[in-house]
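Undergrad:
Below you can see the structure in the form of structure tokens.
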């Protein structure tokens, strides 16, 4: 993929990439807030967000990767090495890579950026001998669900809520 002469590159986030990552996070969060303002907070560059970013950059079992077109951030994925059921009570536990968040700027969606980010997560998992990756998608986010399915992800469970 290219924009003019710029090519898509994927790079692990560094401490000085906070603003670039926040740009992507804000886009994704705004979509969620618009659909469920009763659940999602508007994106703000708070101390809590700064800590969240710094933690993901520093921890060995977490990583944020930013997709760039030239010097412009256009997408990002935050993933963690995890396990299916650390308690060992409910499921046969095995390691997996969990995608905490993934997003692409609106003007470049449906251009293969999310597929490139998911492919990278798959490569990371495979290098570590991990067979499964996973993520959660909200039921209102049909575009994201379609993108994830196009990347080969399938539904394995549904979360259901009800009011008391």
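Residue numbers (my numbering): 4 to 167.
Note that the Cβ used here is the ideal one computed from N, Cα and C, for glycine as well.
(1) Would you tell me roughly how many angstroms separate the C-alpha atoms of residue 154 and residue 123, rounded to the nearest one?
(2) From the DSSP output, in three-state form, read off residue 89 for me.
(3) Give the range of the beta strand (DSSP E) segment to which residue 95 is assigned.
(4) My understanding is that residue 77 touches residue 67, with C-beta atoms under 8 Å, so please give their C-beta distance in whole angstroms.
(5) With a threshold of 6 Å on Cβ separation, who are the neighbours of residue 148 within its own chain once the five nearest residues in sequence on each side are excluded?
(6) Just tell me which of 167, 119, 142 and 166 has its CA closest to the CA of residue 72.
(7) Quick one: Cα of residue 53 to Cα of residue 44, how far?
(8) From 36, 35, 32 and 80, pick the residue whose C-alpha is nearest to that of residue 127; which is it?
(9) If residue 151 and residue 38 are in contact, beta carbons under 8 Å, what's the gap, nearest whole angstrom?
(10) DSSP state of residue 104, grouped into three classes?
(11) What are the residues that DSSP puts in a beta bridge with residue 65?
(12) Looking only at C-alpha atoms, which of 50, 15 and 83 sits nearest to residue 135?
(13) Taking residue 137 and residue 164 to be in contact with their CB atoms under 8 Å, please state how far apart those CB atoms are, rounded to whole angstroms.
(14) CA-CA distance, residue 121 and residue 13?
TA: Quick look at the numbers:
(1) 11 Å
(2) coil
(3) Careful: residue 95 lies outside any beta strand (DSSP E) and carries neither H nor E.
(4) Residue 77 to residue 67, Cβ: 14 Å. No contact.
(5) 140
(6) 119
(7) 15 Å
(8) 80
(9) About 17 Å separates the two Cβ atoms, so there is no contact after all.
(10) strand
(11) 83
(12) 83
(13) So it is not a contact: roughly 20 Å between Cβ atoms.
(14) 11 Å
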